[in-house]
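What follows is a short report on a single structure.
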Amino acid sequence: MTAILRLESRKRLRASIVLVVVFVLLSALYFSMFPSVEEEMEELADAFPDFFFELFGIEALHTIEGFIAAEIYSFFWVVLVAIYFAYVGAGMIAKDVRERKMDLTLSNPVSRESVVLQKVSALWVPLVVLNTAVPLVVYVGALVIGESFDPVSLAMVHLLSIPYLLVCAGIGLLVSVLVDRPRSARATAISLVFVLWLVDGVSRLDPDFEWIGAVTPSRYYDETAILVHEEYALADAGLLLVTFLVLVAVAALVFARRDI
Amino acid sequence: MPVIRIDDLTKRYGDVAANDHVTFDVEAGEIFGYLGPNGAGKTTTIRLLLGLIKPTSGTAEVLGADIRDRRALTEVKSDVGYLPDTLGFEERLTGRRVLDHFARMRGDERREELLELFRPPLDKPIETYSSGNRRMLGIVQAFMHDPQLVIMDEPTSGLDPLKQDRLHLFLEKERDAGKTIFLSSHVLSEVQRVCDRVGIIRDGELVALEEIETLLGRSGKRVWVHLAEPVDEERFRTDEMIDLEVTDATVQFTYTGEAKTLLEYLVGFDVVDVEIGEPQLDDIFKHYYGDDATVDEESAVTGKDAVSTGEDRVRTGGG
Numbered sequence: 001m002t003a004i005l006r007l008e009s010r011k012r013l014r015a016s017i018v019l020v021v022v023f024v025l026l027s028a029l030y031f032s033m034f035p036s037v038e039e040e041m042e043e044l045a046d047a048f049p050d051f052f053f054e055l056f057g058i059e060a061l062h063t064i065e066g067f068i069a070a071e072i073y074s075f076f077w078v079v080l081v082a083i084y085f086a087y088v089g090a091g092m093i094a095k096d097v098r099e100r101k102m103d104l105t106l107s108n109p110v111s112r113e114s115v116v117l118q119k120v121s122a123l124w125v126p127l128v129v130l131n132t133a134v135p136l137v138v139y140v141g142a143l144v145i146g147e148s149f150d151p152v153s154l155a156m157v158h159l160l161s162i163p164y165l166l167v168c169a170g171i172g173l174l175v176s177v178l179v180d181r182p183r184s185a186r187a188t189a190i191s192l193v194f195v196l197w198l199v200d201g202v203s204r205l206d207p208d209f210e211w212i213g214a215v216t217p218s219r220y221y222d223e224t225a226i227l228v229h230e231e232y233a234l235a236d237a238g239l240l241l242v243t244f245l246v247l248v249a250v251a252a253l254v255f256a257r258r259d260i
Numbered sequence: 001m002p003v004i005r006i007d008d009l010t011k012r013y014g015d016v017a018a019n020d021h022v023t024f025d026v027e028a029g030e031i032f033g034y035l036g037p038n039g040a041g042k043t044t045t046i047r048l049l050l051g052l053i054k055p056t057s058g059t060a061e062v063l064g065a066d067i068r069d070r071r072a073l074t075e076v077k078s079d080v081g082y083l084p085d086t087l088g089f090e091e092r093l094t095g096r097r098v099l100d101h102f103a104r105m106r107g108d109e110r111r112e113e114l115l116e117l118f119r120p121p122l123d124k125p126i127e128t129y130s131s132g133n134r135r136m137l138g139i140v141q142a143f144m145h146d147p148q149l150v151i152m153d154e155p156t157s158g159l160d161p162l163k164q165d166r167l168h169l170f171l172e173k174e175r176d177a178g179k180t181i182f183l184s185s186h187v188l189s190e191v192q193r194v195c196d197r198v199g200i201i202r203d204g205e206l207v208a209l210e211e212i213e214t215l216l217g218r219s220g221k222r223v224w225v226h227l228a229e230p231v232d233e234e235r236f237r238t239d240e241m242i243d244l245e246v247t248d249a250t251v252q253f254t255y256t257g258e259a260k261t262l263l264e265y266l267v268g269f270d271v272v273d274v275e276i277g278e279p280q281l282d283d284i285f286k287h288y289y290g291d292d293a294t295v296d297e298e299s300a301v302t303g304k305d306a307v308s309t310g311e312d313r314v315r316t317g318g319g
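Just so you know, the protein sequences line up as chains L and F, in that order.
In terms of the UniProt record's numbering, the first sequence is numbered consecutively and its last residue is 260.
In terms of the UniProt record's numbering, the second sequence is numbered consecutively and its last residue is 319.
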């Protein structure tokens, strides 16, 4: 029984391609900027207070790795793509229930658990499309401006982001089975993911409060450490993956037992 | 074994009982009409039967599967068709792709045959469909896997009269082929036209369960007569008239006797205009089932005699 997976995968394709186009444009912008701003980056680093960089986890802006980590990954990947995944997760159940699509879906010989699993599995589309196209664009972009990017750390920054993005989708999914109105579900999920990211960043500023960030998913995915220091926190990624599985299991459990 | 067995089924939302101790069976090979005004609880019963919502108390069996047993209910759904009251299709897909999608989950051996009877524009996206086309696509998906039981919630809403007739004929053929149809409606004439047996629900309670002939005998006609001169109520009244209202030269009543007798009777008056129509469902409830009526099959059978005595309330609080 993969009919739902098939349909959902089709639905994810369009937005994934739109996101790739956004990243192509952003990359073009930043790569064309880099050669002319490379020298000024050290001055820039001095001009801004340290907490600004700590908030975003930015380091080594004068290197191509540091610059791209800061400009593309620290914000657009960790925040915007995460928000997209939370948005998709939040729509998965609430939207179908509200639009009465779920009535027709569940008139088929398919369990509610299977519906949830198939819908979540359809996230393979944005994961594959984005994680193939974006690193390719970044790698080629660096070559074009005469810089070079370590392909291993570039691959790792994407690979290790998958559990992080899945957790964001899982948060959305859990909200989706708990909140009836799709708009509220999406707003709640997006706010949650954004606030968690903010809490992580802010808590880093003060060592006394750094522990608070331990409950935020972004704490377990450090794009700058991967790109600049080539540190691959596999255990952290594993922890995120487990969290994602728990979120999906809880969502499926709740959804199977509620009225729609 | 009945195809649907509903046993003391209750669904409460806070203080409101959407279904209040509903009990009845639907037998194999019949078209069962579930009749009631909007908001009576018809859709609640249907959504309970499909396991979309859980009962507060009581239960039901669909093709032998208890609705509280999610696994068993999921399994029998390959032999159940469902036409919801609101059709939530994937709006961007074409009708053909939607049918392909459902076919992957439960088969479509009768798709072509059904598409000859009901013809939604298959190559257009569903967001461009009229409500009639949506309903036709819904009918095709409900029957295309050749299920034993089809549950239909207000099946003719949005269909033009021609398509309604086509659906009714189709349902009769399916019934004759041994299929079981459970359909809800708030239109008395639809249920009269096509159903073998009817359950009437009001305010969440099943108030009547009877053969369609019995209901026909009870329903009568709504009559409106405009006379040339004011008439005396006592002089005009006959035993077959109920809910008689006389205002000057205008008379309104529900007539339970035969049309021929009524017309012969009216000739004796100076009639300017006359209108004979279907009775309102609410009138039937008021006159035949009473406000606090409960199901009592025995009196339902004998009820016909009582009607001819012209009593306003034939059965009240039978239980």
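We treat Cβ as the ideally placed atom computed from N, Cα and C, and that holds for glycine.
Here the structure is a predicted model, which is why all the values come from computation and not from measurement.
- Put simply, the CB of F:Tyr265 is far from chain L, with every gap to its CB atoms at 8 angstroms or more.
- Cβ-Cβ separation between F:Arg202 and F:Pro37: approximately 7 angstroms, consistent with a contact (criterion under 8 angstroms).
- Against chain F, the beta carbon of L:Asp259 has neighbours under 8 angstroms at Leu52, Ile53 and Lys54, listed in chain order.
- The beta carbon of L:Ser27 sits closer than 7 angstroms to the beta carbons of Ile72, Val137, Val138 and Gly141 from its chain, once the five residues preceding and following it are set aside; these are given in chain order.
- DSSP places F:Met1 outside both helix and strand once states are collapsed to three, so it counts as coil.
- The Cβ of F:Phe118 sits no closer than 8 angstroms to any Cβ of chain L.
- Per DSSP, the unbroken beta strand (DSSP E) holding F:Asp273 starts and ends at Val271 to Gly277.
- Membership of L:Asp103 in the alpha helix (DSSP H) is indicated by the continuous run Lys101 to Thr105.
- In this structure, L:Gly170 lies near L:Phe244, with their beta-carbon atoms less than 8 angstroms apart.
- Around the Cβ of L:Phe56, a 10 Å sphere holds 16 or more other Cβ atoms; the residue is buried.
- The three-state reading of DSSP puts F:Phe89 in coil, since its state is none of H, G, I, E or B.
- Boundaries of the alpha helix (DSSP H) around L:Leu165: Ser161 to Leu178.
- For the region 87-109 of chain L, the residues whose beta carbon sits under 8 angstroms from a beta carbon of chain F are, in order, Asp96, Glu99, Arg100, Lys101, Met102, Asp103, Leu104, Leu106, Ser107, Asn108 and Pro109.
- For F:Leu227, the uninterrupted beta strand (DSSP E) run begins and ends at Lys221 to Leu227, by DSSP.
- Nearest Cα to L:Ala214 within the set L:Glu223, L:Asp46, L:Ala225 and L:Gly201: L:Gly201.
- Against chain F, the CB of L:Ala233 has no partner CB under 8 angstroms away; the residue lies outside that interface.
- When C-alpha distances from F:Leu137 are compared across F:Pro2, F:Lys173, F:Asp100 and F:Ser189, the shortest belongs to F:Asp100.
- Residue contact with chain F for L:Ser111: present (Cβ-Cβ distance below 8 angstroms to some residue of chain F).
- Rounded to the nearest angstrom, the Cβ distance from L:Ile190 to L:Ile83 is 5 angstroms, consistent with a contact under 8 angstroms.
- Around the beta carbon of F:Tyr13, fewer than 16 other beta carbons lie within 10 angstroms, which makes this residue exposed.
- Residue state for F:His186 is assigned as coil, using DSSP reduced to three classes.
- Under the 10 Å beta carbon count, L:Gly238 is surrounded by fewer than 16 other beta carbons and is classified as exposed.
- The Cβ atoms of L:Pro109 and F:Arg111 lie no closer than 8 angstroms to each other.
- DSSP links F:Arg12 through a beta bridge to F:Ala17.
- If you check the CB distance, F:Thr44 and F:Ala65 do not come in under 8 angstroms.
- Around the beta carbon of L:Arg186, 16 or more other beta carbons sit within 10 angstroms, so the residue counts as buried.
- A buried status is given to F:Lys77, since no fewer than 16 other beta-carbon atoms sit within 10 Å of its beta-carbon.
- Residues of chain L whose Cβ lies closer than 7 angstroms to the Cβ of F:Pro84 are, in chain order, Arg100, Asp103 and Leu104.
- Rounded to whole angstroms, the separation of the alpha carbons of F:Thr261 and F:His226 is 18 angstroms.
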